[in-house]
Amino acid sequence: MNNSFLPAGLALSFVIAWLIPEPGSLIKSWGLIPWMVVTIFLVNGFQTNLHELPRGRQFSLALITTAVIALLISPFIGVGAASLFGLSAGMTLGLVVKATVPPTLSTCIVMTQLAGGYSLWALVMTLALNIIGIFTIPFMLSLTLDNMGEITIDPLPLLEKLMMLVLLPFLIGIGLRRILTLNPKHIVLQYLPSTCVILTVWMALSDSSEVFQALDLSTLIAIALSVTMVHVALLILCWLASLGLKLEWKAAIAVILTGAQKTLPVAVSVLAALNYPIGEALLVCVLFHFMVLFGDALLVPYLKRPLEKEA
422 MNNSFLPAGL ALSFVIAWLI PEPGSLIKSW GLIPWMVVTI FLVNGFQTNL
472 HELPRGRQFS LALITTAVIA LLISPFIGVG AASLFGLSAG MTLGLVVKAT
522 VPPTLSTCIV MTQLAGGYSL WALVMTLALN IIGIFTIPFM LSLTLDNMGE
572 ITIDPLPLLE KLMMLVLLPF LIGIGLRRIL TLNPKHIVLQ YLPSTCVILT
622 VWMALSDSSE VFQALDLSTL IAIALSVTMV HVALLILCWL ASLGLKLEWK
672 AAIAVILTGA QKTLPVAVSV LAALNYPIGE ALLVCVLFHF MVLFGDALLV
722 PYLKRPLEKE A
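Right, dumping it as structure tokens:
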């Protein structure tokens, strides 16, 4: 149920924002989106367990390599895909932001486990990349988007906002875990971050309902091709990196799925911190999320095959 809650909620937010945009637009004017972001990462921090961290030279090399691919190379792939398929400035912003953010805090871990990989590797790499990403995102966005002319990113104010919206709540959540006796797996905490993402998307899309009016088949195809190019390129790079590092297949699965996936909450947080209309950008981010989610779900059975041959 929890795995389908976010996709179903995002789909519902699309429909409501399209048909009845006024309520969401009104609520967004109350300034609730930043508080949604803070809640997401406060809960994520509270649910994070820092014990039993993997150690060793091979893991460290895998972590560094995955970070370089996911946080430093990926933004340039996003810019290239947006340029190749002629995305508008707003949609380019969404694609590049999505390409720049770290991996998702849950999906890549679950899929790594389902594929028979080292889920603990995926967990620790995801946590590390999310923390490192707070510092790389502003500078990579500035480096990749400033050359386009239509979008200008000032990295230091964005870094400050991300630290306040993402990093500080996350660290407070980790601290609260040591103090409070509340079960981190309580049903309310399981669904609260996803609910906040859904509400944020609903409010932002409602406030930019004109985006839906401009959508046509050619635009959707261009977005789909751009997303596919970014994700497939990252999958290939992570696979080649795992071969270069001579990782066993269980470790390679963690690198492949962690390095190629992208978190929606952090992308929403980045867009919320920018002084730009975010309707088109958020639309691309959500479509990116859906395509990668379903695409990697189809990929998981094929990742298990080498393990079956070894058995």
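Residues 422 to 732, numbered by the working numbering, are exactly what the sequence shown covers, in order.
All C-beta atoms in this analysis are idealised placements derived from N, C-alpha and C, irrespective of residue type, glycine included.
Nothing here was measured: the structure is a model prediction, and the numbers come from that model.
Of the candidates Leu-685, Val-676, Leu-447 and Leu-678, the residue whose Cα lies closest to the Cα of Thr-616 is Leu-685. Counting only residues of its own chain and dropping the five nearest sequence neighbours on each side, Val-459 has a CB closer than 7 Å to the CB of Leu-586 and Pro-590. Excluding residues up to 5 positions away in sequence, Met-546, Leu-550, Cys-659, Ala-662, Val-676, Thr-679 and Gly-680 lie with their Cβ nearer than 8 Å to the Cβ of Thr-487 in the same chain. Judged by DSSP in its simplified three-state form, Gln-682 adopts coil rather than helix or strand. When the Cα atoms are used, Leu-597 and Met-512 turn out to be separated by approximately 38 Å.
DSSP places Gly-554 within a helical segment (H, G or I) once states are collapsed to three. Excluding five sequence positions before and after Ala-654, the CB atoms of its chain that fall closer than 6 Å to its own CB belong to Ile-498, given in chain order. If you draw a straight line from the Cα of Phe-462 to the Cα of Phe-480, it is about 26 Å long.
When only Cα atoms are considered, Val-464 and Arg-478 end up about 31 Å apart.
Across the set Val-517, Leu-636 and Trp-456, the C-alpha of Val-517 shows the shortest separation from the C-alpha of Pro-559. Assignment of Pro-523 by DSSP, reduced to helix, strand and coil, places it in the coil class. Within 10 angstroms of the beta-carbon of Gly-452 lie fewer than 16 other beta-carbons, which makes it exposed.
The beta carbons of Val-618 and Phe-709 sit no closer together than 8 Å.
Short of 6 Å from the beta carbon of Pro-442, and not among the five residues preceding or following it, lie these beta carbons of its own chain, in chain order: Ser-627 and Ser-630. In the structure shown, Asp-575 falls within a coil segment according to DSSP collapsed to helix, strand and coil. Residue state for Leu-431 is assigned as helix, using DSSP reduced to three classes. Contact check for Leu-566 against Ile-574 passes: the beta carbons are separated by less than 8 Å. In terms of Cα proximity to Lys-667, the closest of Asn-470, Leu-482 and Phe-435 is Leu-482.
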